[in-house]
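Residue numbers (this note's numbering): 1 to 368.
A short write-up of the structure that comes next.
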Amino acid sequence: MQDLQPRIEEIGRQLLASARAAEGRKSRLARGIDAFVAHLSDNDELRVRALRLIDVLPTLRDDRQLVNHLQQYFGDAKLPLPGALRWGLDHAGNTAWPAAVAPAARRWVAWLGSRFIAGDSADAAWKTIRQLQRSGRQATLDLLGEDVRSEAEADAYQQRYLALIEALGPRMQQAGTPLSLSLKASALDSQLTPLTEARSSIRIRDRLRPILRALLAYGGSLTLDMEHYDHKATTLRVFRDLLDEAEFRDCGSCGIALQAYLRECEADLAELIDWAVKRAAPVHVRLVRGAYWDTETVIARREGWPSPVWESKAETDRSYERCLSLLLENHHAVRPAIAGHNVRSLAVAMAQIEAMRLRPEVYEFQML
1 MQDLQPRIEE
11 IGRQLLASAR
21 AAEGRKSRLA
31 RGIDAFVAHL
41 SDNDELRVRA
51 LRLIDVLPTL
61 RDDRQLVNHL
71 QQYFGDAKLP
81 LPGALRWGLD
91 HAGNTAWPAA
101 VAPAARRWVA
111 WLGSRFIAGD
121 SADAAWKTIR
131 QLQRSGRQAT
141 LDLLGEDVRS
151 EAEADAYQQR
161 YLALIEALGP
171 RMQQAGTPLS
181 LSLKASALDS
191 QLTPLTEARS
201 SIRIRDRLRP
211 ILRALLAYGG
221 SLTLDMEHYD
231 HKATTLRVFR
241 DLLDEAEFRD
251 CGSCGIALQA
261 YLRECEADLA
271 ELIDWAVKRA
281 APVHVRLVRG
291 AYWDTETVIA
301 RREGWPSPVW
311 ESKAETDRSY
321 ERCLSLLLEN
331 HHAVRPAIAG
341 HNVRSLAVAM
351 AQIEAMRLRP
361 EVYEFQML
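Shown next, in the form of structure tokens:
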């Protein structure tokens, strides 16, 4: 890696220059949304709050209700909100504020929603997908509301995915672009715990098979997302067991996300590569840093357990780069999906890809 350092730094400077140039062309509102999203990207709890607010916004017809929800969700958070909204949260008791500021708040939340949500219907999502395609990008979609509490909800969630596939699959196929979906194991089983791994794996695979069949019928691809550490072993088991079934043994359009902030990530990746080498078709691996660092740390400290995550950003960065190298070196068995917004990581990936002279179809970059 050391001999690539000058090239990594050169690429990093180029990326930062391009980002700054693009930033200067954005509107003030867009820059404000970007700053807010950056904070959400580093805080899982705040991101959940934002998504819940976006989800409930259409039902808040009364300005006072909107003010109360904003106060409840973000009143205690130091966030880069527009001046009027920040002032409003600090003076929520003023009865004159809602009518004056609520319209701007609705516009701001709608803009925020557009950064996270492709649409509230298949037609709306299709428009977003087409916009991305026209700019030379592709999209992978998932559905909100993944934390199911009953088996009936898990069944309903499966049906929502099947409906989405039937709505978008033919359009994507006609456009010559595969429909790419992401899904969390917890969305397909309400009883998922480390103690129920074997039974949960069976239930999840039973609900996942129809989704994968429908997706493959349109030439689509599926990525199994990672969640909290408690779900990691089950998620890996579901992924391998499903693709080891005779029906899907030749499937080359499935993948899984791995989280570099986990101490076990490199070992998990090595094991996954060994398994993938023996398959008739490759899989793809979405390498992310991870979004639950605070939660994992708090739980481990509360219970007196060893922390499953690296304690510092530097350690996570080193883990990410080690896993990245391992992925790129084994691109024949696993297609690297390099996910994240960290300039250093992107530059490292680009420098290694350049040095290895990898073809563009061998890898991809993914961002929120």
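Virtual Cβ for every residue (Gly too), placed ideally from N, Cα, C.
Note that the structure is predicted; figures quoted are calculated from it, not measured.
Along the length of the region 123-192, whole beta strand (DSSP E) runs at least 3 residues long occupy 180-184, reported in chain order. For T223 and L132, the gap between their C-alpha atoms comes out near 19 angstroms. In the structure shown, C254 falls within a strand segment according to DSSP collapsed to helix, strand and coil.
If you check the CB distance, R322 and E271 do not come in under 8 angstroms. In the structure shown, E364 adopts extended strand secondary structure according to DSSP, grouped into three states. Between R263 and W310 a beta carbon distance of about 6 angstroms is seen, short of the 8 angstroms cut, so the two are scored as contacting.
Between the C-alpha atoms of T295 and Q174 there is a straight-line separation of about 43 angstroms. If you check the CB distance, I129 and L162 do not come in under 8 angstroms. Assigned with DSSP and collapsed to three states, I117 falls in coil, not helix or strand.
For the pair of segments examined, the region 171-189 was found to touch the region 228-248: the number of CB pairs separated by less than 8 angstroms reaches three. Checking the DSSP bridge columns, you'll see A337 partnered with R286, E364. A105 and L53 do not touch by the CB rule: their CB atoms are close to 10 angstroms apart, not below 8 angstroms. If you draw a straight line from the Cα of A217 to the Cα of R13, it comes to about 43 angstroms. Between the alpha carbons of R286 and F74 lies a distance of about 31 angstroms.
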